[in-house]
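Colleague: Here you go, one structure.
Protein chains: 2
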Amino acid sequence: MFRGVNPINLDAKGRMAIPARYREQITGCCDGSLVATIDTEARCLLLYPLPEWEEIQAKIEALPSFNPAARRIQRLLIGHATDLDMDSNGRLLLPAPLREYAMLEKRVVLLGQGRKFEIWSEEQWLDTRDEYLQEVDGGNELPDEMQSLSL
Amino acid sequence: MFRGVNPINLDAKGRMAIPARYREQITGCCDGSLVATIDTEARCLLLYPLPEWEEIQAKIEALPSFNPAARRIQRLLIGHATDLDMDSNGRLLLPAPLREYAMLEKRVVLLGQGRKFEIWSEEQWLDTRDEYLQEVDGGNELPDEMQSLSL
DNA sequence: CAGATTTTCCCACATTTACCCACAATACCC
DNA sequence: GGGTATTGTGGGTAAATGTGGGAAAATCTG
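Chains as they are written, first to last, in my numbering: chain A, 21 to 171; chain B, 21 to 171.
This is how it looks when you write it as structure tokens:
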């Protein structure tokens, strides 16, 4: 279960230090093997422990491949998925193509999202967050499951 | 069951001393492990005992992730949820991103709210409370459940 | 095949964070 | 009213984390 916001600086080589509080969990569940791919809805990256990703990739591959929407998802998600390993300092080297997609420069934000992480440029994240905060709940139709959610 | 209003001063490091009368209950139910996240409706923080939060996170994660309203809730709530532990003095270190969101500087208010707490800047709390008091009850339609409530 | 360039891996330092201890203030009790 | 216990506050130190650089290996190119 990952959660929380983490402001992180990329170094000159494009490396990102994983906050220490996640490291034990990551080495435990996948020995430091992670997979990064793009989020097709927003300009951010998704970061999965390898076993989690393999389940997801299996599901995506099982989609009917003559369906155009399915082909699109397959090409985008599987096509961009890249294996990453933590180095001895707990850092990940983010490949240039993924950094460019998510517009990551120096200041980035690592967002815990349950079984995965999201990686945003700090600027993009703050803009997106502010949009979310301003949206009135009534504006979008809520799924039934949410109507009964009490925090 | 938490209740009551507690004015507290943050120290220079952003730490908040939990009032002594809650400590036993907190160590009892979760051994001092708490989770703080943001309230999406107001500029304040929500503070849950870890087991309470995990139930909520499980429900939120189960929402369909291709629904935009659900994505929004997931990113905001899980994204900001941060594990906090009481130190040996019964204090919590509130992380900078959460302090900024709720505009917490020095004088804050800890509000007991049943299974959770809310943390407000004192200024925000007083303003919000006054707004609530001035609102005429008839202005907003009351949910059915409230019609039969007798105090 | 040799040279040059890029990439990966690892080590060392500087900074920050977290933990702990000590004092001050308040409340309570005798 | 004084003494004691409990709570609130601040700061210091050791350990762990973040950051940068350097050397070796692998790859690409001429």
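The C-beta atom is built at its ideal place from N, Cα and C for all residues, glycine as well.
Exposed or buried, ASP118/A, counting other C-beta atoms within 10 Å across all chains shown (16 or more means buried)?
Modeller: Asp is not the amino acid found at residue 118/A; the sequence shown has Leu there. Classification of LEU118/A: buried, given that the 10 Å Cβ count is 16 or more.
Colleague: Going by DSSP, name the residue or residues bridged to THR102/A.
Modeller: In DSSP, THR102/A forms a bridge with ALA56/A.
Colleague: Tell me whether PRO27/B sits in a helix, a strand or coil according to DSSP, three-state version.
Modeller: It is a strand residue.
Colleague: Let's test the definition: count the other Cβ atoms within 10 Å of the Cβ of GLN45/B and tell me whether it reaches 16, buried, or not, exposed.
Modeller: Under this definition GLN45/B is an exposed residue.
Colleague: For LEU30/B and ARG63/B, I'd like the C-alpha separation in whole angstroms.
Modeller: Cα to Cα, the separation comes out at about 17 Å.
Colleague: Is it buried or exposed, TRP143/A, if we count other Cβ atoms within 10 angstroms and call 16 or more buried?
Modeller: A small fix is needed here, since residue 143/A is Glu in this sequence, not Trp. GLU143/A should be labelled exposed.
Colleague: Note down, in chain order, all residues in the stretch 26–48 of chain A with a beta-carbon under 9 Å from any beta-carbon belonging to chain B.
Modeller: Correct list: ASN26, PRO27, ARG41.
Colleague: Suppose contacts are defined by Cβ-Cβ distances below 8 Å. Is ASP132/A in contact with GLY48/A by that definition?
Modeller: Reading the sequence as shown, one finds Gly at residue 132/A and not Asp. Not closer than 8 Å, so no.
Colleague: For GLN144/B, would you say it is in contact with chain A, using Cβ-to-Cβ distances shorter than 8 Å as the test?
Modeller: For GLN144/B, the answer is no, since every Cβ of chain A falls outside 8 Å of its Cβ.
Colleague: So, are the CB atoms of ALA40/A and GLY99/A less than 8 Å apart?
Modeller: Not in contact: ALA40/A and GLY99/A (Cβ atoms no closer than 8 Å).
Colleague: Which residue marks the beginning of the alpha helix (DSSP H) containing ILE93/A, and which one marks its end?
Modeller: That run of the alpha helix (DSSP H) goes 88–93.
Colleague: Report the option in ILE76/B, VAL129/B, CYS50/B whose CA atom is closest to the CA atom of THR57/B.
Modeller: For the residues ILE76/B, VAL129/B, CYS50/B, the minimum Cα distance to THR57/B belongs to ILE76/B.
Colleague: Using alpha carbons as the reference points, say which of ILE80/B, ASP105/B, VAL55/B lies closest to ARG95/B.
Modeller: Here the closest residue by C-alpha is ILE80/B.
Colleague: Output yes if chain A places a C-beta closer than 8 Å to the C-beta of ARG92/B; else output no.
Modeller: By this cut-off, ARG92/B is an interface position.
Colleague: Name the DSSP beta bridge partners of ARG111/B, please?
Modeller: Paired residues: ALA37/B.
Colleague: Quick one: what's GLN133/A bridged to in DSSP?
Modeller: ARG23/A, LYS136/A.
Colleague: Closer than 7 Å between beta carbons: that is the criterion. Which residues of the stretch 91–122 of chain A meet it against chain B?
Modeller: Cβ contacts with chain B: none found.
Colleague: Verify whether the separation of the beta carbon atoms of GLU74/B and ARG135/B is less than 8 Å.
Modeller: Taking 8 Å as the Cβ cut-off, GLU74/B and ARG135/B do not qualify as a contacting pair.
Colleague: When you compare only the Cα positions, how much space is there between GLU120/A and ARG127/B?
Modeller: The alpha-carbon atoms of GLU120/A and ARG127/B are separated by roughly 42 Å.
Colleague: I want to verify the contact list: residues of chain A whose CB lies under 8 Å from the CB of LEU54/B, in sequence order.
Modeller: The contacting residues do not exist; LEU54/B stays about 13 Å from chain A at best.
Colleague: Taking only beta-carbon positions, decide if TYR152/A is within less than 8 Å of chain B.
Modeller: It does; some Cβ of chain B falls within 8 Å.
Colleague: Check PRO71/B in the structure and name its three-state DSSP category.
Modeller: Helix, per DSSP.
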